[in-house]
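Single-structure report; data block below.
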Amino acid sequence: MPAAVQIRVEPRDFELGAEYEALRKRSASSGAIVTFTGLVRDFNAQGALNGIILEHYPAMTVKSLHAIAEKARVKWDLEAVTIVHRVGALENHDQIVLVGASARHRDAAFDGARFIMDYLKTEAPFWKKEVTSTGDTEW
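Using this note's numbering, the letters of the sequence shown map in sequence onto residues 2 to 140.
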C-alpha cells in the first residue's frame, strides 16, 4: 500500500503533472483531489524583488511537515497528502511549493490543503532571505 503522506524538501523544481498523477494513484477511494502551487513573487511590501533564498534544517523541517500532514489527514479524513517544498536560491516566478490533498469529498480536500498551506506559510521551519532589486538581501 502506498504511503498516505509523501514529503519532499529539495532544491530542484518539480513537475506538476507528474506530482498530480502520483497523488492520484494513491487516491483510489477519493472523489476529490486539490492541489496548490505557490510561486516566488517579484515583490514584497517594500518593493521589487529579484528572488529569494530559502534555508532550512533538514531533519527538523521534514519531521514538522510530516506531523502537520498527518494532523490534516486525520482531521479531514484525507486519503493522501503530498507536500513538495523547494529550498535554496529561487528566482521570481519559480515554483516554490506544492500541496496536494485527496479525500472522498471536495470540502475535506480543500480544507485539508488550505490548513497545510497556512501552516507552511506561518509556522514551518523555513527561513526566507529576500533579494531586493538592488541586490541587497533581507531576512
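Even for Gly, the Cβ is constructed at its ideal location relative to N, Cα and C.
Asked, Found
"Whole-angstrom distance between Gly48 and Ser189, CA atom to CA atom", "Since the first residue shown for the chain is 2 and the last is 140, residue 189 is missing from the structure and cannot be characterised."
"Status (buried if at least 16 other CB within 10 Å, exposed otherwise) for Phe44", "exposed"
"Contact under 8 angstroms by Cβ, Gly101 with Thr123", "no"
"Distance between beta carbons of Leu79 and Ala73, contact taken as under 8 angstroms", "6 angstroms"
"Phe116 - containing alpha helix (DSSP H), residue span", "Arg107 to Thr123"
"Inter-residue Cα distance where the pair is Met61 and Pro126", "7 angstroms"
"Contact belief for Arg105 with Gly32 at Cβ below 8 angstroms, rounded distance in angstroms", "5 angstroms"
"Glu109 vs Trp140 beta-carbon contact at 8 angstroms", "Looking at the sequence shown, residue 109 is not Glu but Ala. No. Outside cutoff."
"Straight-line gap, Val35 to Asp112 (C-alpha atoms, nearest Å)", "9 angstroms"
"DSSP-derived helix/strand/coil call for Gly18", "helix"
"Continuous beta strand (DSSP E) assignments of at least 3 residues falling wholly in the segment 22-48", "33-40"
"Same chain, Cβ closer than 7 angstroms to Ile53, neighbours up to 5 away in sequence not counted", "Val41, Leu91, Lys129, Lys130, Glu131 and Val132"
"Per DSSP, the bridge partner or partners of Glu131", "Ile53 and Glu139"
"Where Glu11 falls: helix, strand or coil (DSSP)", "strand"
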